[in-house]
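Read in UniProt numbering, the sequence shown has 69 at position 69, and its numbers run on one by one without any break.
Note that the Cβ used here is the ideal one computed from N, Cα and C, for glycine as well.
These figures come from a predicted structure and were not determined experimentally.
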Amino acid sequence: MDKEIQHREAEAPNEPILCSNNCGFFGSSATNNLCSKCYRDFVLKQSQSSSSASSSVSEKEKKEVEEPVKVGGILDASASAEEPVKQPASRCNFCRKRVGLTGFNCRCGETFCSLHRYSDRHNCPFDYKKAGRDEIARANPALKAEKIDQI
């Protein structure tokens, strides 16, 4: 019986400990002599400080990555080729009519309704003549014969 009393006395302190932040509540040794509210605030501050330290490192790394690479005075093409992400168009670019799933994508890169899908109906800036010439040139490469030395 004496062992049980000694065991209980060893576990529980004789006097309750006030919170070390002097908020008026009692703390415990498990929470560094802080009450539950102060301990929660303490843990929150530590997690924010550790996350801000890691985020400041990642921000520095991002800045280093974002800077375009110069090679001999020329910018690296992959670093400067960033284009903003374009959302899929849901309206005709000519009459602003809602097109939904029935929209037609033109070669100029815009979306049009069924009335304005043809290039002559929406003043398309795409050069079909030049595109045709380029495609023919790609399909039919010019053959050049070797020069023959005359005797």
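### Query
Do residue 23 and residue 33 have their C-beta atoms within less than 8 Å of each other?
The Cβ atoms of residue 23 and residue 33 lie no closer than 8 Å to each other.
### Cβ separation of residue 90 and residue 100, assumed to be a contact under 8 Å, to the nearest whole Å
7 Å
### Query
Taking the continuous alpha helix (DSSP H) assigned at residue 109, which residues delimit it?
Where residue 109 is concerned, there is no enclosing alpha helix (DSSP H), given that its DSSP letter is neither H nor E.
### Query
Excluding the five sequence neighbours on either side, which residues of its own chain have a C-beta within less than 8 Å of the C-beta of residue 127, listed in chain order?
none
### Query
Do you know how far the Cα of residue 98 is from the Cα of residue 134?
35 Å
### Nearest-angstrom Cα separation, counted from residue 140 out to residue 108
A straight line joining the alpha-carbon of residue 108 with that of residue 140 spans about 25 Å.
### Query
Taking just the CA atoms, how far does residue 45 sit from residue 51?
10 Å
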